[in-house]
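Right, one structure below, let's go through it.
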Amino acid sequence: EVQLVESGGGLVRPGGSLRLSCAASGFTYSSYWMTWVRQAPGKGLEWVANIKPDGSEKYNVDSVKGRFAISRDNAKNSLYLQMNSLRADDTAVYYCARERYSYGHPYFDFWGQGALVTVSS
Amino acid sequence: DIQMTQSPSSLSASVGDRVTITCRASQSISSYLNWYQQEPGKAPKLLIYAARSLQSGVPSRFSGSGSGTDFTLTISSLRPEDFATYYCQQSYTTPHTFGQGTKLEIK
């Protein structure tokens, strides 16, 4: 059974840092692109970043460029999101998701339960 | 960035109704379009990928169509468990933007 379990969320002051983790199990983790998606309270979904299976390619949304860094450890079946210089508008539930491809079309077929990050003084 | 616009933003319907949700991309995305369902307090669930392919385990009353810039998600006969929020998402290029969501409510 595919499982994705996020951890590391919590309350942090503006300008602070936090690292989210996502533990993967039930599939060959090192073969899949992985993604972070966030959802601010009462708002829609926002794609944040993704990473290639070997970690050699990473992409992220402009609003987090220079502040957030996605990484992975295939030996530990884990995905990370290092978040620095946090702002109030980064407050959200952060989901990790597995990215699957069908004939070149990517989609997110499994999601974690989410980790809440609250940025407030 | 590619903008995704869904309509309507909210919709009231009854059990047994046929409903259609529309998603429009700001530029052509071929068939790089996915649909997700999200219930309150839960993670999104994949329904349709590549515009028209039904994800394994998803009931056949859900269907997707479209290509280029205009796409639709159709639920042929609403069931009580279908009342949720639906999101389209383009996977043509990063950032993989989502639509703003369509909240489907019970009439």
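Going down the list, the sequences are from chains V and X. Residue 12 is where the first sequence starts when you use our numbering, and the numbers rise one by one after that. Residue 50 is where the second sequence starts when you use our numbering, and the numbers rise one by one after that. A virtual CB, placed ideally from N, CA and C, is assigned to each residue, including glycine. This structure is a prediction, so every number in the text was calculated from the model and none was measured.
Between which residues of its own chain and residue 14(V) is the CB-CB distance below 6 Å, once the five residues before and five after are set aside?
36, 37
Pick helix, strand or coil for residue 126(V), following the three-state DSSP scheme.
strand
Segment limits, beta strand (DSSP E) that includes residue 82(V):
79–84
Show which residues of chain V have a CB atom less than 7 Å away from the CB atom of residue 133(X).
Result: empty, since nearest Cβ-Cβ is about 13 Å, beyond 7 Å.
So the beta strand (DSSP E) residue 121(X) belongs to, where does it begin and stop?
119–124
May I have the straight-line CA-CA distance separating residue 65(X) from residue 118(X), to the nearest angstrom?
29 Å
Start and end of the beta strand (DSSP E) containing residue 31(V)?
29–36
Between the Cα of residue 110(X) and the Cα atoms of 120(X), 140(X), 97(X), which residue gives the shortest distance?
97(X)
According to DSSP, is residue 12(V) helix, strand or coil?
coil
Interface residues of the segment 57–74 of chain V facing chain X [CB-CB below 8 Å]:
57, 58, 61, 70, 71, 72, 73
Who pairs with residue 139(X) in a beta bridge, going by DSSP?
82(X)
Leaving out five residues before and five after residue 102(V) in sequence, what residues of the same chain have Cβ atoms less than 8 Å from its Cβ?
51, 52, 128, 129, 130, 131
Taking 8 Å as the threshold, find out whether the segment 78–91 of chain V comes into contact with the segment 29–49 of chain V through three or more Cβ pairs.
yes
For residue 66(X), name the three-state secondary structure that DSSP assigns.
coil
Below 8 Å between beta carbons: does that hold for residue 58(V) and residue 144(X)?
yes
Backbone CA spacing between residue 120(V) and residue 41(V) [nearest angstrom]
16 Å
Reference residue 132(X); option with closest CA among 53(X), 59(X), 52(X)
59(X)
Can you pull the chain V residues whose beta carbon is under 8 Å from the beta carbon of residue 56(X), in chain order?
Correct list: empty, because the minimum Cβ distance to chain V is about 14 Å.
Whole-angstrom C-beta distance between residue 110(V) and residue 61(V), which should lie under 8 Å
6 Å
Below-8 Å beta-carbon distance, residue 40(V) vs any chain X residue:
no
N-terminal and C-terminal residue of the beta strand (DSSP E) that residue 113(X) is part of:
111–116
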